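Taking the numbering used here, the leading residue of the sequence shown gets 123, the next gets one more, and so forth.
All C-beta atoms in this analysis are idealised placements derived from N, C-alpha and C, irrespective of residue type, glycine included.
Computed from a predicted model, the values in this text were never measured in an experiment.
Have a look at the structure below, then the notes.
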Amino acid sequence: LLSAGGDPEEIYIQQILPEKCRLNLEYLKNISVCRDIAVMFQTVTAVLE
C-alpha cells in the first residue's frame, strides 16, 4: 500500500485503520482459545514463508 506513493498517514487512515477496526470487532464477536491458536499458527507460518 505504501509503496504506491502518496501520504502514508492518509493511506493509514483511509485503508489500513478501517480494516484493523473491522478485524478487531470480528475478533471480539468470536473470542475463543481455538481461534487464538489458529491465528498464532497462521502468523508463524507467514513469518517462516
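Q: Determine the direct distance from the alpha carbon of residue 132 to that of residue 143, and round the result to whole angstroms.
A: In this structure, the alpha-carbon of residue 143 lies about 16 Å from that of residue 132.
Q.
Quick check on the DSSP output: the alpha helix (DSSP H) that includes residue 137 runs from which residue to which?
A. Here residue 137 belongs to no alpha helix (DSSP H), and DSSP marks it neither H nor E.
Q.
Which residue marks the beginning of the alpha helix (DSSP H) containing residue 159, and which one marks its end?
A. 155-170
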